[in-house]
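Worksheet for the structure shown next.
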Amino acid sequence: MSSRRMTIATGSLLTASFSAVMIFSFSAGADDEGPMSGKGGKVIDKAPAGVELTTLLPEKIEVDNSSQETAITATVKNGGTKDSGAIRLLVVGFDGLSVKGVEGCAEIAEKDLPEGSNSGFACAIDNLAAGKSKSYAVDATFDLKKEGKICLPVQDADGAKTFWQQGPVPFGANNPSPNAPATPLLLGTDNSPVTPGSDKAGGDKSGGEELPKTGPADRILPLGAVGAALISAGAAGLWWTQRRPQRSES
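Numbering (mature numbering (1 follows the signal peptide of the UniProt record, and there is no 0)) for the sequence shown: -30 to -1, 1 to 220.
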């Protein structure tokens, strides 16, 4: 009888241990993506009543030091009480960060890219229900000898209005490890790699707390009062909607 009791007890212990392993594995997998952030995001044009559109980027990514490849998750969210209707999310790369592909999205032609950017994709969304979000897998490369920035504007279907724009916000590392398999980069931090025989790339920086003060934001100054007002308010600038197709017709 004692042998039977021991068998039952051992079986129960194994079952409990197996369950604990399963729960732990599931929890760890769910957290692999890490925390997401809307850092560097600004409302540009007012969205329809009851619609509240924002975007999120991972707070940390890793760049493979040999291939320069990295993966980024871009998320658009409707935190309002009403459906969004047809909208589109743009994923645009600047400087050292080049967007190579976005799952389910169309590449933006080079002639239609915003000034200063090197790559971009447009993701059409028929409707984003209230309280829902949609995430996209972004394949990119990052030249660690340069600064790198990404921008996520959320527009109406034809691009006439930009309801939200995150960035151009940098990913970067103050202390890269060139001999490591991968370099971790933090959202909102300028990349300042140290290369042999040279100073830190990008020159002196005031810190990684603010959006970059050079690059695309400076180049939109002549585009009119709207862009200037956004810059003075601390936004990156309404660079996309200022880029009208009519320019090519003149």
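Glycine included, C-beta positions come from ideal geometry on N, C-alpha and C.
The alpha-carbon separation between N161 and V139 amounts to approximately 11 Å. Here G101 is exposed, its C-beta having fewer than 16 other C-beta atoms within 10 Å. For the pair D109 and K52, the CB atoms are not nearer than the 8 Å cut-off. Closest in C-alpha terms to T43, from the list N144, S37 and P28, comes P28.
In this structure, DSSP gives E39 an extended state, which the three-state scheme calls strand.
With at least 16 other beta carbons inside 10 angstroms of its own, E117 counts as buried. Apart from the 5 residues on each side of it in sequence, P123 sits with its Cβ closer than 6 Å to the Cβ of L60, T132, Q135 and W210 in its chain, given in chain order. With contact defined as three or more Cβ pairs closer than 8 Å, the stretch 149 to 159 and the stretch 24 to 40 are in contact. Here the alpha carbon of V21 sits roughly 43 Å from the alpha carbon of S36. Contact between I78 and G90 holds, since their C-beta atoms are separated by about 4 Å, short of 8 Å.
The beta-bridge partner set that DSSP reports for C75 is empty. Taking C-beta atoms as the reference points, N88 and A56 fail to come closer than 8 Å.
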